[in-house]
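Chemist:
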Amino acid sequence: MKTVIIPLRIKDTESVSWAKGLVSYLKKSYGSGQWSVFYDEEKTKEIDACRTTANSDLAPESLLEQNYKYAAILEQVYLRLGSHSGALQIDFIWYEAEYHPGLADKKYKQRTVVFEKSSVMYNIGVLLTQIAKKKMSDDYKSAVPYLSRAMACFSYMSNHFLNSPSVDCAAENTAFLSTLCHAEAQELFLLTLVNGPEPSGRASLISKLAHTAANLYEECQQYYEENYKVGFGTTVYGEDKWKDIITLKVHLYKAVTAYNQLLVLEDSKRIGEAISYGNIALEEIKEAVHYKIFVKEEIDVVALKTVIEEKLKSLIKDNDFIYNDLIPSDVTLESIKTMDAIKPIIWEEQIKSYLDDDLIELCKGAFKGIVPMEVYENESIYSEEKASLLRKEVETVETADWEYQSFIEFTDLPKLIKDLESKYADGSGSNIDDPQYDLMRQQIESWSKLVQTNKLKNVNEQLQNIVNRRNEILSVLSNVSPDQKENAMKIKNSLLQASQSDEKIFSTINPYLEEVGLLSNPSLLFNVMNRFQSKNTQPSLLDIDDTKNEQILERLSNIKNNQETLRLLKEERSRNLKDFKESLNNDDITQKLILHTGKSAKDIKAFFEEELDKFKPLSSRIEATIFKQTNLINDIKIKLDEIFKLTGIQDKTPEQESLSKERREFFDKMEKAYTQFMIYTTDLPKGLSFYDTLLKMAKDISSVNRPDQSAGRYVDGLIPPAVPQRSTQSTSLADSLARMSVRDTSNVQQGVPAVPKRNYEGVNSSPPIPPKSLPSGLNGLLGQQKPSSGPTSFYNNPSVFDEDLYSKFSK
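So the sequence shown is numbered by UniProt numbering: it starts at 1 and just counts up by one.
#1: For A97, which residues of its own chain have a beta-carbon under 6 Å away from its beta-carbon, when the five flanking residues on both sides are left out?
#2: I'd like the span of the beta strand (DSSP E) that includes I93, first residue to last.
#3: List the endpoints of the continuous alpha helix (DSSP H) containing Q462.
#4: Under 8 Å: do the stretch 39 to 51 and the stretch 11 to 31 share three or more Cβ pairs, one atom per stretch?
#5: Determine the closest residue to E187 out of S148, N319 and S118, with distance taken between C-alpha atoms.
#6: Among residues of its own chain, excluding the 5 on either side of F666, which ones have a beta-carbon nearer than 7 Å to its beta-carbon?
#7: Which residue comes first and which comes last in the beta strand (DSSP E) that contains K107?
#8: Considering only C-alpha positions, which residue in the set D502, K570, S276 and F321 is nearest to I408?
#9: Below 9 Å between beta carbons: does that hold for I626 and E611?
#10: How is T179 classed by DSSP in three states: helix, strand or coil?
#11: How long is the line joining the alpha carbons of A303 and P197, rounded to whole angstroms?
#12: Do the stretch 292 to 301 and the stretch 311 to 323 meet, that is, are 3 or more Cβ pairs less than 8 Å apart?
#13: For D401 and F644, what's the separation of their Cα atoms in angstroms?
#14: Would DSSP call T338 helix, strand or coil?
#15: Assuming W447 and Y691 form a contact by the criterion Cβ under 8 Å, report the distance between their Cβ atoms to the nearest whole angstrom.
#16: Out of M121, A213, L190 and K133, which one is the CA nearest neighbour of A170?
#17: Can you list, in chain order, the residues of its chain whose CB lies under 6 Å from that of R51, leaving out five sequence neighbours each side?
#18: Buried or exposed: which applies to H251, given that a residue is buried once 16 or more other Cβ atoms fall within 10 Å of its Cβ?
#19: Just the Cα atoms here: how many angstroms apart are P654 and R663?
#20: What are the boundary residues of the alpha helix (DSSP H) that N378 is part of?
#21: When burial is assigned at 16 or more other CB atoms within 10 Å of the CB, is M489 buried or exposed?
#22: Mapping DSSP to helix, strand and coil, what is T13?
#23: Please determine, among K592, S583, T693 and P7, the residue with the shortest C-alpha to C-alpha distance to P372.
#24: Output yes or no for whether 9 Å exceeds the beta carbon distance between L209 and A341.
#25: With a cut-off of 8 Å on the beta carbons, I'd call I280 and A258 a contact; round off their distance for me.
#26: Please state the DSSP three-state secondary structure of D598.
#27: Residue 815: buried (16+ other C-beta within 10 angstroms of its C-beta) or exposed?
#28: Starting from V126 and walking both ways along the alpha helix (DSSP H), at which residues does that stretch end?
#29: Alpha carbon to alpha carbon, how far is I559 from R391?
#30: Counting only the same chain and skipping the five closest in sequence on each side, list residues whose C-beta sits under 6 Å from that of K20.
#31: Is the beta carbon of K106 sitting closer than 9 Å to the one on Y99?
#32: How do the stretch 280 to 293 and the stretch 253 to 272 stand: do at least 3 beta-carbon pairs fall below 8 Å, yes or no?
#33: Exposed or buried, which one is H290 when buried takes at least 16 other CB atoms within 10 Å?
#34: So C181 packs on F161, CB below 8 Å; how close in whole Å?
#35: Can you give the Cα-Cα distance for Y404 and R621, rounded to whole angstroms?
#36: Between which two residues does the alpha helix (DSSP H) carrying V4 extend?
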C-alpha cells in the first residue's frame, strides 16, 4: 500500500532589526551614557542573520536547523522579558500561509515575542512535515519521527497560544494540524507493517493500529464538520482537497481494520464473525472509492476493494459448504482494541538540544542588559546559600586548625620529641624539672605583681581610712542647724547602710590577709614557694634500664612522622578552603536562573540544592583532612602514653606525692585569696567615692545657718518655696548625683545617694583574669583552670595517659 500526506505551506515574514530594538531598549533602561556597556554589536548582528537565514529559500533541512536555533533565541528573550517584550519596540510582521487567494496578502503586525515565537513554531512544524514527505520516498518508517515532532509542535501551540491574530496559529487550527500529523505518523507506521513480510501473520496488530489511524482521521473529519456548521472566517482552514483526502482515509483505514480482523477470526475458525467484519470492510472501502479523485495515483483503493471482495466471497462459500456458522449482525469496529504507536517528542525536548553553550554565550552577550528582577532576587538568595556554606566550611577549618594548634602548644610536641630523642639516643636517664612547680610559680608570680602594684594592698590601712571618713562625716553632721536635721538623718541613714556594706567586704578579705601579705611581699612569698620544689635526684647507673630505648625511639620516630603529616594536613586544608572560596566566587548561575524563570519556590529550592551539590567534592576533601587529623592526634596520644609507661616516669615516691598535695593546697589558697582581693579592690573605690559624696553633702548642709538657706538647695524636693533662686543649684546637684555610677538614681528625690552596689555579696564571682595564666588543658594541675568546652572539648575527656607528663621533657 501507498499513501500521501497533506502538504503544508510555511508562513512568510518581513525583515526586522534586533539591533535597532536592543539599542532603543538599552538607552531607555541605562541612559545614553551607559547603554553601550550592555550592547554587543557582533552578537546582535548574528541574531539578525539567524532570523534572515531561517526565512530564506534554503532546503527544508537547513531551514529547520536555523528556525530551531532562532526559536531557542526567542526562548531566551521571553525568559528575560516575559510579557514586557513590547519594550523592545520591534515590529514583527507575518503573513498567512497561501492556502487560499483571499489570505495570501493578509499580514499581521505585533511587538510581542510571543507572536514571533508562535509564527516560527508554525514554520518549524510545516518544515518537519515537508522533510517527512521527502523521507517517504525512501522509507515510511524514517518519516515517522519528523511527523511526531510536528505533532508535538502544533500541540504546544494549540495549548499555549490561545489568542493569536493569525489564522494559521489559531488554537483550533493548530490543534487540527497536531491531530493530522499524529494520524499521518500512525498511518506511516502502520504501512511499514502492511508492506513488510508476511502481513497476514501480524493481522491482529495491524487491525489495532489501523483502528487508531481511522479514529485520528475521524477527529480531523469532525474538525471540518464543525467548521462547516460554525464557520471560520470566510473559509475552512487549508485547501479544499484536504477534506476529501481525510474522509477517504477514514473509510480506508476502517476497511483495513475490519479486513485484518476478518483474517484474525478466520485463523480462529470463527467464520461467521469473520464474514460480518468482511461485510463492514467491503462497505467502508466502497465509501472510500467515492473520494479517490485527489489520490487515485498514490492510493489504489480499487485494488484493495477487489482483495476484500474476493476474500469475502471465498469465506461465504466455505461457510455455506463446510462451517455453516451463524453470521452475526451486531458486530462493530468499536469492539476492536486500539494501539497508538506514536510517542511525540515534546517541544521542550526538541528545543533543548539547541540550547548549547554557543547559543547561551550568544544570548548572554546580546541580552546581557536584560535580566529579570526575579533572577536578581533568586541570585541574592543563592548567594546567601553560598555564603552560609562558606561560613560553615570556614568555621570547620578554623576549628580544626585550632584543635591542631592547641594540641601542639599543649604538648609542646616539637620540643618534647627533641628532648626525648636526645635523652634516650645516648641512654641517659637524668630527671627533668617538675613542670607542676614551674607552672604554679609562674601563675603566682603574675598574681604577686598585680597585688604589689595595687594601691589598696594594705587592707588594714584602708579599713582605718574608712573609719576616719565615717567619723569626719559624723563630726560635720553634729554642727548642722535644727532646720537641717531631717537631711542630716537621711545622710546618717546612708552612712549606716554603707558601713554595713563595708563590713561585708572586709569580712570576705580578712580570712586571707596572711596570703595577701605574702603576695605583696615577693621575697617572703618565694621563700615559702621554694619549700614545695621537688629535689632532682640522680639515679644510680645500675638502676637505669636501657633495654627499652629502642622501643621508645621507634615510637618517637612514628610520632615525628605523624607530626609532619599533621602539618601537611593543615596546609592541605588551607589550600582546599582557598579552592572552595574560588569555586564559590566563580560560580555564576544567572543563565540557569533565567531558564528557571517562573518556576515555583519549591522548584527553585530544589535547583539550588542541586547546584550546591557541585561543591561537595571540595567539602569532602576538607572533611577528609579533619578526619585524618583526629586519628593522628589520637595515635600520637597513644604513642606518648606508651613511651611514658616504658620510661617509668609516671611513678612517684610517697615523699613526692605528699609534696605535690601540700603544693596543691597552698596554690588553691593563694588563688582564693587573689580572687577575694580582686573583688575587694574592685568595690572599695566605689565605697570611698560614696563617702566623699556624703562628706561634701554634710559640709554643705552644715554651712546653712538661715532657715531660708536649707539643704534643699542641693537636693530636689527639699527647696523651700520662698527661695526659688536656689533651685538651679539644687537641680545641678541632683543631676550630678544621677550621673554617678556608684549609686542608684532612684533616691535622688530623697536628697541622698544610695549605697553603691558591691560584688562581694557574690563571694564566688571571679575577678578579672590576670594577664598571665597557665596553659589550658592540664587536667589535674590547676583545679579551677580547666579548658573550656568548644572545638577542643576532646581535651576534657579522660586521656589514655597522664597529661601532666606532656611538659616533663620540654623544660
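Each residue gets a CB set at the ideal place from its N, CA and C atoms; glycine is no exception.
Just so it is clear, the structure is predicted and the values come from calculations on it, not from any experiment.
Modeler: Let me lay it out:
#1: Position 97 of the sequence shown, counted from the start, is the residue given in the question as residue 97. Closer than 6 Å at Cβ, skipping near neighbours: R9, K11 and D168.
#2: In the sequence shown, residue 93 corresponds to position 93, counting from 1. F92 to Y95 is the extent of the beta strand (DSSP E) around I93.
#3: Looking up residue 462 in the sequence shown gives position 462. Note, Q462: alpha helix (DSSP H), V459 to L477.
#4: At 8 Å Cβ cutoff, the stretches touch.
#5: Translated into the one-based positions of the sequence shown, residue 187 becomes position 187. For the residues S148, N319 and S118, the minimum Cα distance to E187 belongs to S148.
#6: Taking the sequence shown and counting its residues from 1, the one referred to as residue 666 is at position 666. Scanning its chain for C-beta atoms nearer than 7 Å, with the 5 sequence neighbours on each side dropped, one finds around F666 the residues F532, in chain order.
#7: Residue mapping note: residue 107 aligns to position 107 of the sequence shown, counting from 1. Where K107 is concerned, the enclosing beta strand (DSSP E) stretches over K107 to Q110.
#8: Translated into the one-based positions of the sequence shown, residue 408 becomes position 408. When only C-alpha atoms are compared, the closest one is K570.
#9: Sequence index remark: in the sequence shown, residue 626 carries index 626 (1-based). Sequence index remark: in the sequence shown, residue 611 carries index 611 (1-based). Contact flag unset, no.
#10: What you label residue 179 is simply residue 179 of the sequence shown in a count that begins at 1. If DSSP states are grouped into helix, strand and coil, T179 belongs with the helices.
#11: Residue 303 sits at position 303 when you count from the first residue of the sequence shown. Residue 197 sits at position 197 when you count from the first residue of the sequence shown. About 19 Å.
#12: Too few Cβ pairs lie closer than 8 Å, so no.
#13: The residue labelled residue 401 in the question sits at position 401 within the sequence shown. The residue labelled residue 644 in the question sits at position 644 within the sequence shown. Distance between the alpha carbons of D401 and F644: 27 Å.
#14: Here residue 338 refers to the residue found at position 338 when the sequence shown is read from its first residue. In this structure, T338 counts as coil in the three-state DSSP scheme.
#15: On the sequence shown, position 447 is the one that residue 447 refers to. On the sequence shown, position 691 is the one that residue 691 refers to. Not confirmed; about 29 Å, so no contact.
#16: To locate residue 170, count along the sequence shown from 1; it is residue 170. Of M121, A213, L190 and K133, the residue nearest in Cα terms is M121.
#17: Numbered from 1 along the sequence shown, position 51 holds the residue referred to as residue 51. Closer than 6 Å at Cβ, skipping near neighbours: Y70.
#18: What you label residue 251 is simply residue 251 of the sequence shown in a count that begins at 1. H251 should be labelled buried.
#19: Locating residue 654 in the sequence shown gives position 654, counting from the first residue. Locating residue 663 in the sequence shown gives position 663, counting from the first residue. Straight-line Cα distance between these residues: approximately 14 Å.
#20: Reading the sequence shown from its first residue, position 378 is the one you call residue 378. Here the alpha helix (DSSP H) through N378 covers M373 to T411.
#21: Counted from its first residue, the sequence shown places residue 489 at position 489. When all chains shown are included, M489 counts as exposed.
#22: As a first step, residue 13 is located in the sequence shown; it is residue number 13 there, counting from the start. Three-state DSSP puts T13 in a strand.
#23: Numbered from its first residue, the sequence shown carries residue 372 at position 372. Looking at the Cα atoms, K592 is the closest of the given residues.
#24: Looking up residue 209 in the sequence shown gives position 209. Looking up residue 341 in the sequence shown gives position 341. Contact: yes.
#25: Here residue 280 refers to the residue found at position 280 when the sequence shown is read from its first residue. Here residue 258 refers to the residue found at position 258 when the sequence shown is read from its first residue. The Cβ separation is near 4 Å, so the contact holds.
#26: In the sequence shown, residue 598 corresponds to position 598, counting from 1. Looking at the sequence shown, residue 598 is not Asp but Gly. Three-state DSSP puts G598 in coil, outside helix and strand.
#27: The chain is shown from 1 up to 811; residue 815 falls before or after that span and cannot be answered.
#28: Against the sequence shown, residue 126 aligns to sequence position 126. That run of the alpha helix (DSSP H) goes V113 to M136.
#29: As a working note, residue 559 is residue 559 in the sequence shown. As a working note, residue 391 is residue 391 in the sequence shown. Rounded to whole angstroms, I559 to R391 spans 33 Å at the Cα level.
#30: Position 20 of the sequence shown, counted from the first residue, corresponds to residue 20. Cβ within range, chain order: n/a, list empty.
#31: One-based indexing of the sequence shown puts residue 106 at position 106. One-based indexing of the sequence shown puts residue 99 at position 99. Not in contact: K106 and Y99 (Cβ atoms no closer than 9 Å).
#32: yes
#33: Your numbering for residue 290 matches position 290 in the sequence shown. Looking at its Cβ environment, which holds fewer than 16 other Cβ atoms inside 10 Å, H290 is exposed.
#34: Locating residue 181 in the sequence shown gives position 181, where the first residue counts as 1. Locating residue 161 in the sequence shown gives position 161, where the first residue counts as 1. So it is not a contact: roughly 17 Å between Cβ atoms.
#35: For the purposes of this step, residue 404 is identified with residue 404 of the sequence shown, where counting begins at 1. For the purposes of this step, residue 621 is identified with residue 621 of the sequence shown, where counting begins at 1. Roughly 17 Å between the two C-alpha positions.
#36: The residue given as residue 4 occupies position 4 in the sequence shown. First-last for V4: undefined, no H or E at that position.
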